[in-house]
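**Student:** What follows is a structure written as C-alpha cells; I'll ask about it next.
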Amino acid sequence: MEIAILGYQRKRRDDVEGNLRACLGEDSPVLLRQYGMEEPLYNPAPEQIAVVFIIVDDARALTAAKKAAEWGKDLPLVMVSNHPQYAMEGIRLKVRHYILFPLEQEDIREALQRVGLGVGKGWKES
Numbered sequence: 070m071e072i073a074i075l076g077y078q079r080k081r082r083d084d085v086e087g088n089l090r091a092c093l094g095e096d097s098p099v100l101l102r103q104y105g106m107e108e109p110l111y112n113p114a115p116e117q118i119a120v121v122f123i124i125v126d127d128a129r130a131l132t133a134a135k136k137a138a139e140w141g142k143d144l145p146l147v148m149v150s151n152h153p154q155y156a157m158e159g160i161r162l163k164v165r166h167y168i169l170f171p172l173e174q175e176d177i178r179e180a181l182q183r184v185g186l187g188v189g190k191g192w193k194e195s
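Each residue of the sequence shown is one higher than the last, beginning at 70 in this note's numbering.
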C-alpha cells in the first residue's frame, strides 16, 4: 500500500510526510512517496495507492489536483493548502478531506480516518 504526496514545494511535501511518519508504526507496511509536480505528472496504478495527499498552493497545483482526481473514481484525495478559497474546488473534485497549513498530527490522523486508514490498520496511536 502506498500513500502518494504530490506538491511543487519540497518543504511542504516534507511537512506532510513528517506528520504522516509521526502517525506510522515502525512495522507499518505503508510506503510513503513524494512526487514533485515539476516532473511529468505521476500516473500511478490506482490499486497500489491508498490515498493521495495533494498540496495546492496555486493554480498550477489546482490543475494537477484535477488530473489526480481522474486517476480513479474511488481513489481518496486529501487536499492540503494554505488557501481556504481552494476548498470550493476541492468540493467539486470530491476530495475526502481538506486540511489547512500549518499542519498538526491530529489533522493528518483525522484525514486518514476519513479515508478508512485509521488506527488499527497499520497506524499507531500517540
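Virtual Cβ for every residue (Gly too), placed ideally from N, Cα, C.
What's the gap between the Cα of Q174 and the Cα of S97?
**Tutor:** Locating residue 174 in the sequence shown gives position 105, counting from the first residue. Locating residue 97 in the sequence shown gives position 28, counting from the first residue. Taking the straight line from one Cα to the other gives about 17 angstroms.
**Student:** For R102, report the span of its beta strand (DSSP E) as first-last.
**Tutor:** Looking up residue 102 in the sequence shown gives position 33. Here the beta strand (DSSP E) through R102 covers L100 to G105.
**Student:** So what does DSSP say about M148, is it helix, strand or coil?
**Tutor:** Residue mapping note: residue 148 aligns to position 79 of the sequence shown, counting from 1. Correct three-state label for M148: strand.
**Student:** Please go through the same chain and pick out, in chain order, the residues whose beta-carbon is closer than 8 angstroms to the beta-carbon of K163, but skip the five residues on each side of it.
**Tutor:** Your numbering for residue 163 matches position 94 in the sequence shown. Excluding positions up to five away in sequence, the list reads A138 and L146.
**Student:** Can you tell which of R81, K135, I72 and A73 has its C-alpha closest to the C-alpha of N272?
**Tutor:** A question about residue 272 goes unanswered here, because the residues of the chain that appear run from 70 up to 195.
**Student:** Based on the DSSP output, what are the partners of I118 in its beta bridges?
**Tutor:** Counted from its first residue, the sequence shown places residue 118 at position 49. Partner(s): E71.
**Student:** Who pairs with G76 in a beta bridge, going by DSSP?
**Tutor:** By 1-based counting over the sequence shown, the position of residue 76 is 7. Answer is G105, bridged to G76.
**Student:** Assuming L101 contacts I74 (C-beta within less than 8 angstroms), just tell me the rounded distance between them.
**Tutor:** One-based indexing of the sequence shown puts residue 101 at position 32. One-based indexing of the sequence shown puts residue 74 at position 5. The Cβ separation is near 7 angstroms, so the contact holds.
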